[in-house]
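Asker: Going line by line, the protein sequences match chains H and P.
So that you can map any letter, position 105 of the first sequence is 105 in full-length UniProt numbering, and since no number is skipped, the others follow by simple counting.
So that you can map any letter, position 15 of the second sequence is 15 in full-length UniProt numbering, and since no number is skipped, the others follow by simple counting.
C-beta: ideal position from N, C-alpha, C; glycine also.
Okay, here's the structure, questions in a sec.
2 protein chains.
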Amino acid sequence: MAKQQIRTQRTDWQRNHERLVEVASVLVARDGAQVSLEKIAREAGVGSATLHRHFPSRRALLEEVFQGIVERLRRRAGELAGGDPRTGLVTWLEELTVCAANTRGLAAWLAAGADNDPPNGDTCHVVMREATTVLVERAMSVAAVRPGLSPEDLLTLAEAVSLVTEDDPTAARRLLHLALDGVRP
Amino acid sequence: MAKQQIRTQRTDWQRNHERLVEVASVLVARDGAQVSLEKIAREAGVGSATLHRHFPSRRALLEEVFQGIVERLRRRAGELAGGDPRTGLVTWLEELTVCAANTRGLAAWLAAGADNDPPNGDTCHVVMREATTVLVERAMSVAAVRPGLSPEDLLTLAEAVSLVTEDDPTAARRLLHLALDGVRP
DNA sequence: AGACAAACGGAGGGACACCCCATATCGTAG
DNA sequence: CTACGATATGGGGTGTCCCTCCGTTTGTCT
Chain H
1 MAKQQIRTQR
11 TDWQRNHERL
21 VEVASVLVAR
31 DGAQVSLEKI
41 AREAGVGSAT
51 LHRHFPSRRA
61 LLEEVFQGIV
71 ERLRRRAGEL
81 AGGDPRTGLV
91 TWLEELTVCA
101 ANTRGLAAWL
111 AAGADNDPPN
121 GDTCHVVMRE
131 ATTVLVERAM
141 SVAAVRPGLS
151 PEDLLTLAEA
161 VSLVTEDDPT
171 AARRLLHLAL
181 DGVRP
Chain P
1 MAKQQIRTQR
11 TDWQRNHERL
21 VEVASVLVAR
31 DGAQVSLEKI
41 AREAGVGSAT
51 LHRHFPSRRA
61 LLEEVFQGIV
71 ERLRRRAGEL
81 AGGDPRTGLV
91 TWLEELTVCA
101 ANTRGLAAWL
111 AAGADNDPPN
121 GDTCHVVMRE
131 ATTVLVERAM
141 SVAAVRPGLS
151 PEDLLTLAEA
161 VSLVTEDDPT
171 AARRLLHLAL
181 DGVRP
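Structure below.
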């Protein structure tokens, strides 16, 4: 009975699940986050009903698609939090922005997590916010940034930049630095 | 024959055209730029074929929907260009950002005009860029902004902010000023 | 008023999201 | 190794949407 309580999925379920996420990653990267779900199912070799059973909404699918990338970013933030507090924050924002600008759909995904209506656990945006907060606090401790700076706002700004510069990492970096430096001489 | 060359539309054509734009404005403001075109046609009391005959694409419809607002903004930029060069640019960016954040779909619309594949005349983004350029040059002439500042980049940044703060003008203003001031003390 | 061009709208094709239920498959107990 | 029951599947059905064709209506000009 104790064995039953650990709900383990059937192997074909796991196989299909992984395959769907894998195929979705490729198609989202190629065609954007609005790809037809039926196309994903077809490409994965499963019926559309199966896709909908695994992922009740497009959100749920995208969540898993981007989960790996967000986790990698989170770890990167951890590394930077062990380095120079002066440069860590800027490096982090730059890498985050470029990554989001390069990964089709990710910027919109992160930004969408910002104004999340329901309390649906730790979204990717929340993960990013926590990572950013640590780096902002460290930068503040050596007075490398203005006091009172809101990590949330800063993250949203970086997300905004990557949202508007999708597929153009050069522009992403340029706009981010414009925002970080301000417009006054 | 000379009279024929001035292509004048039939009165019912004009009536339907105006009504469609009017209804579309309301529905886009309420439901976003992705509203069903059929819903717009239904609400306007015309068949969907008529809508497609008047507007060959969703772009074409949105172009007319936002045209009035963009024109109003352009005039406002003209006013500001006659005032204080030090404050004009900031006021302009602020009003632009708040307006775009308040007008559902406008931010995405302006941003979409930035990387426009085909040479489709003067889009709204181009109109905004010209308005911004004048104010940036005036601000530069009194050294109120860093030399070398790109009006295009600055406009894109404002669009990015309004894109990510849709329906939240307070946040829009806050993020814009964050970007204008920079993060360093 | 009558004729002709201009504009209309219903209907239908193709694509999509999502759901129902008969069927197939997996894991296990005997 | 086999048979059984729970689990998972997928074809097909519904409703919506975009877009187009074509027979019909409406405006305009003489």
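1. Which of the three DSSP states is assigned to P119/H in this structure?
2. Buried or exposed: R129/H, going by 16 or more other Cβ atoms within 10 Å of its Cβ?
3. In its own chain, which residues sit with a C-beta less than 6 Å from the C-beta of W13/H, not counting the 5 before and 5 after it?
4. Report the neighbours of A153/H on chain P: residues whose CB is nearer than 7 Å to its CB, in chain order.
5. Tell me which same chain residues have a C-beta within less than 6 Å of the C-beta of A171/P, skipping the five on either side of it?
6. How would you call R72/H, buried or exposed, if buried means at least 16 neighbouring beta carbons within 10 angstroms?
7. Can you round the beta-carbon distance between V184/P and R146/H to whole angstroms, since I take them to be within the 8 Å contact cut?
8. When the cut-off is 8 Å and only beta carbons count, does D181/P lie next to chain H?
9. For P56/P, count neighbouring Cβ atoms within 10 angstroms of its own Cβ and tell me buried if that reaches 16, exposed if not.
10. Looking at the secondary structure, which residues open and close the alpha helix (DSSP H) in which Q34/P lies?
11. Please say whether G113/H and V98/H have beta carbons closer to each other than 8 Å?
12. Where does the unbroken alpha helix (DSSP H) through E152/H begin, and where does it stop?
13. Measure from the C-beta of P85/P to each C-beta in chain H and report whether the shortest distance is under 8 Å.
14. For E38/P, count neighbouring C-beta atoms within 10 Å of its own C-beta (all shown protein chains included) and say buried if the count is 16 or more, exposed if not.
15. If you reduce the DSSP assignment to three classes, tell me which class R146/H lands in.
16. If we call anything under 8 Å between Cβ atoms a contact, is V136/P one with A81/P?
17. If you drop the 5 nearest sequence neighbours on each side, which residues of the same chain put their C-beta closer than 8 Å to that of I69/H?
18. Could you tell me if S141/H is buried or exposed, where buried requires 16 or more neighbouring beta carbons within 10 angstroms of its beta carbon?
19. Tell me, please, whether the CB atom of P169/P is closer than 8 Å to any CB atom in chain H?
20. Does the beta carbon of T103/P sit closer than 8 Å to a beta carbon anywhere in chain H?
21. Which chain H residues sit within Cβ distance under 8 Å of T156/P?
22. Look at the alpha carbon of V65/P and the alpha carbon of A24/P, and state the distance between them as a whole number of angstroms.
23. Report the option in T132/P, R174/P, L180/P and T156/P whose CA atom is closest to the CA atom of A77/P.
24. Determine the chain P residues that contact E159/H at a beta-carbon separation under 8 Å, and present them in chain order.
25. Taking the alpha-carbon positions, what's the T8/P to V26/H distance?
26. Do we get a CB-CB distance below 8 Å when we pair P56/H with the residues of chain P?
27. Under the assumption that R174/H contacts D153/P (Cβ atoms under 8 Å), give the Cβ distance between them as a whole number of angstroms.
28. Please say whether A179/P and L157/H have beta carbons closer to each other than 8 Å?
29. Quick one: what's got a C-beta closer than 7 Å to D168/H's C-beta in the same chain, skipping five residues either side?
30. E43/H to L93/H, Cα distance in whole Å?
31. If you follow the alpha helix (DSSP H) that D181/P is in, where does it begin and where does it stop?
32. Identify which residue in E22/H, A29/H and T11/H has its Cα closest to the Cα of D109/H.
33. Which of the three DSSP states, helix, strand or coil, is assigned to P85/P?
34. Return the CA-CA distance between L96/H and P151/H, expressed in angstroms with no decimal places.
35. Compare the C-beta of L126/H against all C-beta atoms of chain P and say whether one is closer than 8 Å.
Answerer: Taking the definition as stated:
1. Position 119 of the first sequence holds residue 119/H. Any reading at P119/H must be qualified, since the residue scores a pLDDT of 49, below 50, and its modelled position is unreliable; the value itself is stated next. In the structure shown, P119/H sits in coil (DSSP, three-state: anything other than H, G, I, E or B).
2. Looking up residue 129/H in the first sequence gives position 129. Classification of R129/H: buried, given that the 10 Å Cβ count is 16 or more.
3. Numbered from 1 along the first sequence, position 13 holds the residue referred to as residue 13/H. If we look at W13/H and ignore the five residues flanking it on each side, it has no Cβ neighbours.
4. Position 153 of the first sequence, counted from the start, is the residue given in the question as residue 153/H. A small fix is needed here, since residue 153/H is Asp in this sequence, not Ala. Those within 7 Å of D153/H in chain P are R174, L175 and L178.
5. Reading the second sequence from its first residue, position 171 is the one you call residue 171/P. Within the same chain, A171/P has close Cβ partners T165.
6. What you label residue 72/H is simply residue 72 of the first sequence in a count that begins at 1. Exposed, because fewer than 16 other Cβ atoms sit within 10 Å of the Cβ of R72/H.
7. Position 184 of the second sequence holds residue 184/P. Position 146 of the first sequence holds residue 146/H. Correcting the residue identity first, residue 184/P is Arg in this sequence and not Val. Yes, R184/P and R146/H are in contact; Cβ-Cβ is about 7 Å, under 8 Å.
8. Here residue 181/P refers to the residue found at position 181 when the second sequence is read from its first residue. Judged by the 8 Å Cβ criterion, D181/P is in contact with chain H.
9. In the second sequence, the residue the question calls residue 56/P occupies position 56. That one is exposed.
10. As a working note, residue 34/P is residue 34 in the second sequence. From DSSP, Q34/P is part of no alpha helix (DSSP H); its letter is neither H nor E.
11. Here residue 98/H refers to the residue found at position 98 of the first sequence. Here residue 113/H refers to the residue found at position 113 of the first sequence. Cβ distance not < 8 Å, so V98/H and G113/H don't count as in contact.
12. Residue mapping note: residue 152/H aligns to position 152 of the first sequence, counting from 1. In the DSSP assignment, E152/H falls within the alpha helix (DSSP H) that extends over P151 to V164.
13. Start at 1 with the first residue of the second sequence, and residue 85/P comes out as number 85. With 8 Å as the cut-off, P85/P does not count as an interface residue toward chain H.
14. Start at 1 with the first residue of the second sequence, and residue 38/P comes out as number 38. Under this definition E38/P is an exposed residue.
15. For the purposes of this step, residue 146/H is taken as residue 146 along the first sequence, with counting starting at 1. Three-state result, R146/H: coil.
16. For the purposes of this step, residue 136/P is taken as the residue at position 136 of the second sequence. For the purposes of this step, residue 81/P is taken as the residue at position 81 of the second sequence. For V136/P and A81/P, no; Cβs fall outside 8 Å.
17. As a working mapping, residue 69/H is identified with position 69 in the first sequence. Around I69/H: C99, T103 and L106.
18. Walking along the first sequence from the start, residue 141/H turns up at place 141. Label assigned to S141/H: exposed.
19. On the second sequence, residue 169/P is found 169 positions in, with the first residue counted as 1. Taking Cβ atoms only, chain H never reaches closer than 8 Å to P169/P, which makes this a no.
20. In the second sequence, the residue the question calls residue 103/P occupies position 103. With 8 Å as the cut-off, T103/P does not count as an interface residue toward chain H.
21. Within the second sequence, residue 156/P is the residue found at index 156, counting from 1. Within 8 Å Cβ-Cβ: V164, T165, A171 and L175.
22. Translated into positions along the second sequence, residue 65/P becomes position 65. Translated into positions along the second sequence, residue 24/P becomes position 24. About 7 Å.
23. Position 77 of the second sequence holds residue 77/P. Closest by alpha carbon: T132/P.
24. Locating residue 159/H in the first sequence gives position 159, where the first residue counts as 1. The answer, in chain order, is V164.
25. Locating residue 8/P in the second sequence gives position 8, counting from the first residue. Locating residue 26/H in the first sequence gives position 26, counting from the first residue. Looking at the two C-alpha atoms, the distance is approximately 51 Å.
26. What you label residue 56/H is simply residue 56 of the first sequence in a count that begins at 1. P56/H does not count as touching chain P.
27. Residue mapping note: residue 174/H aligns to position 174 of the first sequence, counting from 1. Residue mapping note: residue 153/P aligns to position 153 of the second sequence, counting from 1. About 6 Å separates the two Cβ atoms, so the contact holds.
28. By one-based count along the first sequence, residue 157/H stands at place 157. By one-based count along the second sequence, residue 179/P stands at place 179. Closer than 8 Å, so yes.
29. Stepping through the first sequence from its first residue, residue 168/H is reached at position 168. Excluding residues within five positions, the ones whose Cβ falls inside 7 Å are A101.
30. Residue mapping note: residue 43/H aligns to position 43 of the first sequence, counting from 1. Residue mapping note: residue 93/H aligns to position 93 of the first sequence, counting from 1. Computed Cα separation, rounded: 35 Å.
31. Within the second sequence, the letter at position 181 stands for residue 181/P. Element bounds for D181/P: P169 to D181.
32. One-based indexing of the first sequence puts residue 109/H at position 109. First, the amino acid is wrong: residue 109/H is Trp here, not Asp. Put simply, of E22/H, A29/H and T11/H the residue whose alpha carbon is nearest the alpha carbon of W109/H is A29/H.
33. Locating residue 85/P in the second sequence gives position 85, counting from the first residue. Note: P85/P maps to helix in three-state DSSP.
34. If you number the first sequence from 1, residue 96/H lands on position 96. If you number the first sequence from 1, residue 151/H lands on position 151. Straight-line Cα distance between these residues: approximately 14 Å.
35. Within the first sequence, numbered from 1, the residue matching residue 126/H stands at position 126. Per the sequence shown, the amino acid found at residue 126/H is Val instead of Leu. It does not: the Cβ of V126/H has no partner Cβ on chain P nearer than 8 Å.
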